[in-house]
Amino acid sequence: MGIIKNYADADHIRISWYTKKTDLLGPFLRSVLWVQGCSRNCPGCIAAHTHSPDGGKTVRIAEIAKEFAGAAETEGMTVSGGEPFHQADRICRLTGEIRKSRPDYGLIVYTGYTYEELSFSDEKPVKELLKLTDILIDGAYVQELDDDKGLRGSSNQRVIQLTDRYSEHMEMYINPAARKSSYEINGEYFRMTGIPSQNSKELMRKLGII
């Protein structure tokens, strides 16, 4: 089974949601895209609602590119999910569209695959997305290894610098104080930005959110 999945036609990408500006998922102010669809289904994943390939919605790549490129105060984009590499071709296209007007635009990607799995893939979009990425946070979420530290879910996940763009900001990926999150709740949905601490997760469990 390949990594790439067909969740939308060539001009669209299937997403859970996005936010144009936050400081909770990487250095500086960033736009964040949560893609929809993940075949990894890690037990305890905080974003289990993003796993179904039939969930979320499809949006035009050009629409998101315009929104993100127009967020002038942001430095780059973080992509999470869901599994970004299932739609690697769409994310490559999205990044390329943004970099037409903002060539120095940064890219951080969270993935359930290991860097080795991605590197050994013979699927061209997977290779291309790796080349575009500045930081890759790799590996499956392991609930028992969640050490409540930094901007990764569990201690087995690696924060891999594929460029030196964010070299001076790597400490936030292991610093417990970097674990912050914000929430948006209404009658139809619950949305979270950031990596929740264990205390935040426990509160969400008590409220029946997760």
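Converting from the sequence shown to my numbering requires adding 253 to each position, the first position being numbered 1.
Glycine residues also receive a C-beta, built at the ideal position from the N, C-alpha and C atoms.
Is DSSP giving residue i helix, strand or coil here?
i	result
Thr327	coil
Leu277	coil
Asp342	helix
Ser434	strand
His265	strand
Ser333	strand
Arg418	coil
Arg283	strand
Tyr426	helix
Thr303	helix
Examine chain B for any beta-carbon lying closer than 9 Å to the beta-carbon of residue i, and answer yes or no.
i	result
Glu326	The structure shown has no chain B; it contains just one protein chain.
For the alpha helix (DSSP H) that residue i lies in, which residues bound it at each end?
i	result
Ser292	Premise fails: Ser292 is in no alpha helix (DSSP H) and is neither H nor E.
Leu385	377 to 385
Arg458	451 to 459
Mind checking which residues open and close the beta strand (DSSP E) that includes residue i?
i	result
Gln414	411 to 414
Tyr363	359 to 363
Met445	443 to 447
Arg313	310 to 313
Leu389	388 to 391
To the nearest angstrom, how far is it from the Cα of residue i to the Cα of residue j?
i	j	result
Thr327	Leu286	13 Å
Ile317	Gly309	15 Å
Leu360	Glu455	31 Å
Val288	Ala301	12 Å
Ala263	Lys273	23 Å
Lys319	Ala341	19 Å
Lys353	Pro280	22 Å
Thr348	Gln410	24 Å
Leu467	Asp375	A query on residue 467 cannot be resolved here, the shown segment of the chain reaching from 254 to 463 and no further.
Tyr260	Val312	11 Å
Ser292	Ile427	27 Å
Thr303	Ser420	30 Å
If you measure between the beta carbons of residue i and residue j, is that distance less than 9 Å?
i	j	result
Val362	Val395	no
Thr364	Glu381	no
Arg267	Pro296	no
Arg204	His265	Residue coverage of the chain in this structure runs from 254 to 463, which leaves residue 204 outside it and unanswerable.
Leu404	Arg432	yes
Ser453	Pro429	no
Ile207	Phe338	Summary: the structure shown does not reach residue 207, with the chain confined to residues 254 through 463, and so no result is reported for it.
Gly290	Gly334	yes
Does the count of Cβ pairs from the region 372 to 388 and the region 406 to 424 closer than 8 Å reach three? yes
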